Amino acid sequence: EAQAEKAKKEADKKSIVRSLSGGGVTSFCTGAVCRSTTNSYGRYAYFTVAGFTDGKDVTEKSTGVFRAGDDLAEFAFRQIRRRGEAQASAAAEG
84 EAQAEKAKKE
94 ADKKSIVRSL
104 SGGGVTSFCT
114 GAVCRSTTNS
124 YGRYAYFTVA
134 GFTDGKDVTE
144 KSTGVFRAGD
154 DLAEFAFRQI
164 RRRGEAQASA
174 AAEG
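Listed below in structure tokens is the structure:
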């Protein structure tokens, strides 16, 4: 848990992760201003990046980008939590 919190605190806000490209999705956020999040839950640190594929900078008015990033972070949190609950349940059953 401490390592995840440390990774979250030390994450570089400008270059924490790269966008995933492929399957019709081009690379993005390589030179533009994008929105990133850092978080931790238990022993896991998780990061998101959201932006525009046309190279446009994210601004405070880019509500869709913020919503997408928040949704991704929430999804990651729920997946991590669900995994932990499943492991705890399996351990309790024996």
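The sequence shown maps to residues 84 to 177 in our numbering.
Backbone N, C-alpha and C define an ideal beta-carbon position, used for all residues, glycine too.
The structure displayed is predicted, hence computed values, not measured ones.
Spanning the alpha carbons of Ala133 and Arg118 requires a straight line of approximately 5 Å.
Between Ala171 and Gly138, the CB-CB gap reaches or exceeds 8 Å.
With contacts defined as CB atoms closer than 8 Å, Ala90 and Ala128 qualify as a contacting pair. Under the DSSP assignment, Phe158 falls in the alpha helix (DSSP H) whose first and last residues are 146 to 176. Contact between Arg150 and Ala87 is ruled out by a C-beta separation of about 25 Å, above the 8 Å threshold.
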